[in-house]
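J.:
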Amino acid sequence: MIVFDNVTLTYKGAASPVLKGISLTIPDGQAVLVCGASGAGKTTLTRLINGLATHFDQATVQGSVAVDGSDVLIAPLCQTGRVVGNVFQNPRSQFFCVDVESEVAFGCENMGMPADEVRRRVERTARQMALGDIMGKSIFGLSGGQKQRVACASVDAMGSRVFVLDEPSSNFDPPTIGMLRQVIERWRQMGRSVVVAEHRLAWLRDVCDRVVVVDGGRIAWDGPMDDFVALGDGFRIAHGLRPLSPDALDGGERPCPPPTAGSDALELRNFRYSYGHACPALDVPYLSLPARRVVAVIGENGAGKSTFSACLCGLMRRFGGEVLLGGERLRSRQLLKRCYLVMQDVNHQLFCESVEEEVRLGMDPSREADVSRILGELGLRGLEERHPLSLSGGQRQRVAIASALLAGKDILVFDEPTSGQDLRNMLATARLIRSLEDRASVFVVTHDRDFVQACCSHVMRMERGAVRETYAIDAAGRRRLDAFFGTCWK
């Protein structure tokens with residue numbers, strides 16, 4: 001059981017509390033969805049449950065938080081860690097080992113379990129989380145979604161009494177989301193308490209018993225999932241929440257020319273890359289897409305989407321094949337000059353001392369007049385003098401997106417640009433990227449159905465390093481999207 005009793009939390013140096021008067025009881029066997037706009041206090045609430053808010057975040061807390069009868073605000077973290085299993089928004093921040101099998105076993109070994117018991121738990125979790133194909137791999141070679149799956153498996157193997165998940169689906173493909181739903185249901189049936197802080201709500205509709213809406217650090221709504229569903233998507237959108245219906249954010253049909261070759265197309269020929277394995281990570285004999293369109297790149301975790309992105313931008317040495325834009329062949333050096341990639345982990349591409357310097361670093365001088373507008377639309381106005389690495393994960397992501405929008409490149413690639421973004425920021429990002437049509441060829445690697453609906457004109461679906469299909473998002477295209485994302489909306 002988890003009990004919050006009139007909890008108010010203020011971070012060191014902050015002018016006002018992040019959480020205000022939170023009282024909440026979560027019984028054993030209940031799965032609770034905690035949702036709200038960015039900055040509402042969801043992650044802080046989860047970090048109170050696992051004790052990190054007071055032990056690591058230098059926060060002052062009034063009130064009490066009890067987990068399984070123990071006051072986690074004063075209990076040693078080693079004691080709380082035996083009870084609470086955590087999946088963080090960035091799974092890389094919780095890894096201790098270099099290979100998947102060792103990482104899944106690490107928590108059990110750290111708790112002093114016998115070797116036979118550790119082996120049994122690892123094998124069970126690997127089977128239930130479908131880790132068989134990656135158990136022997138290095139963590140550093142996994143996709144973002146695969147890393148999140150390993151993080152979920154690690155806490156599952158430990159058998160914690162309470163599970164806290166912060167944006168667990170942000171990089172998951174539909175089959176993996178379906179698997180996570182089953183895992184959460186199993187935890188519930190075992191009598192475990194489960195708290196999920198999420199922006200993407202649809203996949204949790206039949207998983208969570210209860211919904212807690214946090215707004216401005218307070219609980220704005222608390223009730224059964226059935227009552228939350230009955231409120232309608234209008235209520236959710238008005239409160240900055242993602243919809244439960246796949247059509248609530250319909251971007252509408254736009255005239256979409258068919259794939260062509262020549263002066264109005266982006267073409268790939270014999271586009272291949274291998275990491276040294278027998279099976280190539282990328283193998284595209286030929287692909288033609290309309291230039292200056294926004295293309296969603298979808299596919300299961302490990303399908304080759306991020307590899308495709310890096311090769312398209314000329315970042316992978318020794319990739320084979322040709323890239324032609326409007327009939328002009330672009331060699332590796334030209335790709336580096338004419339492409340811009342926003343990485344899945346934007347921490348790798350933030351270099352400057354302030355947000356203002358960062359977005360101007362590679363800016364096209366002709367876009368000077370757009371700087372203030374783009375910062376405002378992405379919710380970054382007022383943060384111009386902040387160091388980028390002092391911002392939240394979502395804010396850092398939007399800084400990188402702003403830099404890409406101002407760069408004036410011919411080809412832009414965004415790798416999971418909306419993970420961890422609330423409705424307002426997701427829609428703002430969609431509007432800005434959609435405005436690039438007719439100016440640049442844009443590829444968006446994403447598992448975010450809402451974003452595809454709101455932003456993209458075409459879809460490219462990948463599977464095992466190959467492009468399986470491409471299509472425009474018209475009535476027929478929506479049916480194909482339904483087929484791919486369907487497991488998330490059931």
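Read left to right, the sequence shown gives residues 1 to 490 (UniProt numbering). Idealized CB from N, CA, C, for every residue including glycine.
1) When DSSP labels each residue in this structure, what does residue 42 get in the three-state scheme?
2) Jot down the residue ranges of each uninterrupted beta strand (DSSP E) in the region 48–95, minimum 3 residues, whole runs only, in chain order.
3) Mind listing, in chain order, the continuous beta strand (DSSP E) runs of no fewer than 3 residues lying wholly within the region 197–244?
4) Look up residue 5 in the DSSP assignment and give the residues it is bridged to.
5) May I have a chain-ordered list of the alpha helix (DSSP H) segments no shorter than 4 residues that lie completely inside the region 99–127?
6) Which runs of the alpha helix (DSSP H) fall wholly inside the region 267–331 and span at least 4 residues, in chain order?
7) Buried or exposed for residue 198, going by 16 or more other Cβ atoms inside 10 Å?
8) Buried or exposed, going by whether 16 or more other CB atoms sit within 10 Å of the CB of residue 426?
9) Mind checking residue 255: buried by the 16 CB within 10 Å criterion, or exposed?
10) Given a threshold of 16 other Cβ atoms within 10 Å of its Cβ, counted over all protein chains shown, does residue 348 qualify as buried or as exposed?
11) Does the region 301–317 come within contact of the region 143–163, defined as at least 3 CB pairs closer than 8 angstroms?
12) Taking residue 314 and residue 336 to be in contact with their CB atoms under 8 angstroms, please state how far apart those CB atoms are, rounded to whole angstroms.
13) Using only alpha-carbon positions, find the residue among 162, 173, 328 that is nearest to residue 187.
14) Along the chain, where does the beta strand (DSSP E) containing residue 140 start, and where does it finish?
15) On the DSSP bridge list, what partners appear for residue 461?
16) Fully enclosed by the region 397–447, which alpha helix (DSSP H) runs are 4 residues long or longer?
17) Rounded to whole angstroms, what is the Cα-Cα separation between residue 3 and residue 212?
18) Would you call the region 31–51 and the region 169–177 touching, i.e. three or more CB-CB distances under 8 angstroms?
19) Tell me which residues share the same chain as residue 51 and place their Cβ nearer than 6 angstroms to its Cβ, disregarding the 5 neighbours each side in the sequence.
20) Count the other CB atoms within 10 Å of the CB of residue 483; is the residue buried (16 or more) or exposed (fewer)?
21) Quick check: what's the CA-CA separation for residue 99 versus residue 153?
22) Checking 8 angstroms against the spacing of the C-beta atoms, do residue 396 and residue 346 come in under that value?
23) Which value, in whole angstroms, describes the spacing of the CA atoms of residue 41 and residue 391?
24) Do you know offhand how far residue 190's Cα is from residue 182's?
25) Rounding to the nearest angstrom, what Cα-Cα distance links residue 109 and residue 117 in this structure?
26) Whole angstroms are fine: how far does the CA of residue 265 sit from the CA of residue 259?
T.: Looking at the atomic coordinates:
1) Indexing the sequence shown from 1 puts residue 42 at position 42. DSSP places residue 42 in helix when its eight states are reduced to three.
2) 59–67, 84–87
3) 210–215, 218–224
4) Sequence index remark: in the sequence shown, residue 5 carries index 5 (1-based). For residue 5, which the question treats as bridged, DSSP gives the partners 64.
5) 100–110
6) 305–312
7) If you number the sequence shown from 1, residue 198 lands on position 198. Label assigned to residue 198: buried.
8) Residue 426 sits at position 426 when you count from the first residue of the sequence shown. Per the 10 Å Cβ criterion, buried.
9) On the sequence shown, position 255 is the one that residue 255 refers to. Residue confidence for residue 255 is low, a pLDDT of 49 falling below 50, so the modelled location carries little weight; the figure read from the coordinates is stated next. Its Cβ having fewer than 16 others within 10 Å, residue 255 is exposed.
10) If you number the sequence shown from 1, residue 348 lands on position 348. Exposed, because fewer than 16 other Cβ atoms sit within 10 Å of the Cβ of residue 348.
11) yes
12) Within the sequence shown, residue 314 is the residue found at index 314, counting from 1. Within the sequence shown, residue 336 is the residue found at index 336, counting from 1. Correct: roughly 4 angstroms between the Cβ atoms.
13) As a position in the sequence shown, residue 187 is number 187, starting the count at 1. It is 162 whose Cα lies nearest to the Cα of residue 187.
14) Here residue 140 refers to the residue found at position 140 of the sequence shown. Per DSSP, residue 140 belongs to no beta strand (DSSP E) and is neither H nor E.
15) For the purposes of this step, residue 461 is taken as the residue at position 461 of the sequence shown. 298, 469.
16) 423–434
17) Within the sequence shown, numbered from 1, the residue matching residue 3 stands at position 3. Within the sequence shown, numbered from 1, the residue matching residue 212 stands at position 212. Going by the C-alpha atoms only, they are around 14 angstroms apart.
18) no
19) In the sequence shown, residue 51 corresponds to position 51, counting from 1. Taken in chain order, the residues that qualify are 72, 77, 80.
20) Taking the sequence shown and counting its residues from 1, one reaches residue 483 at position 483. Classification for residue 483: exposed.
21) For the purposes of this step, residue 99 is identified with residue 99 of the sequence shown, where counting begins at 1. For the purposes of this step, residue 153 is identified with residue 153 of the sequence shown, where counting begins at 1. About 13 angstroms.
22) Along the sequence shown, one-based indexing puts residue 396 at 396. Along the sequence shown, one-based indexing puts residue 346 at 346. For residue 396 and residue 346, yes; Cβs fall inside 8 angstroms.
23) On the sequence shown, position 41 is the one that residue 41 refers to. On the sequence shown, position 391 is the one that residue 391 refers to. Taking the straight line joining both Cα atoms gives about 15 angstroms.
24) Locating residue 190 in the sequence shown gives position 190, where the first residue counts as 1. Locating residue 182 in the sequence shown gives position 182, where the first residue counts as 1. Taking the straight line joining both Cα atoms gives about 12 angstroms.
25) Locating residue 109 in the sequence shown gives position 109, counting from the first residue. Locating residue 117 in the sequence shown gives position 117, counting from the first residue. Cα to Cα, the separation comes out at about 9 angstroms.
26) Residue 259 sits at position 259 when you count from the first residue of the sequence shown. Residue 265 sits at position 265 when you count from the first residue of the sequence shown. For residue 259, the predicted model reports a pLDDT of 47, less than 50, meaning its position is unreliable; a value from the coordinates is still stated below. One C-alpha to the other measures close to 7 angstroms.
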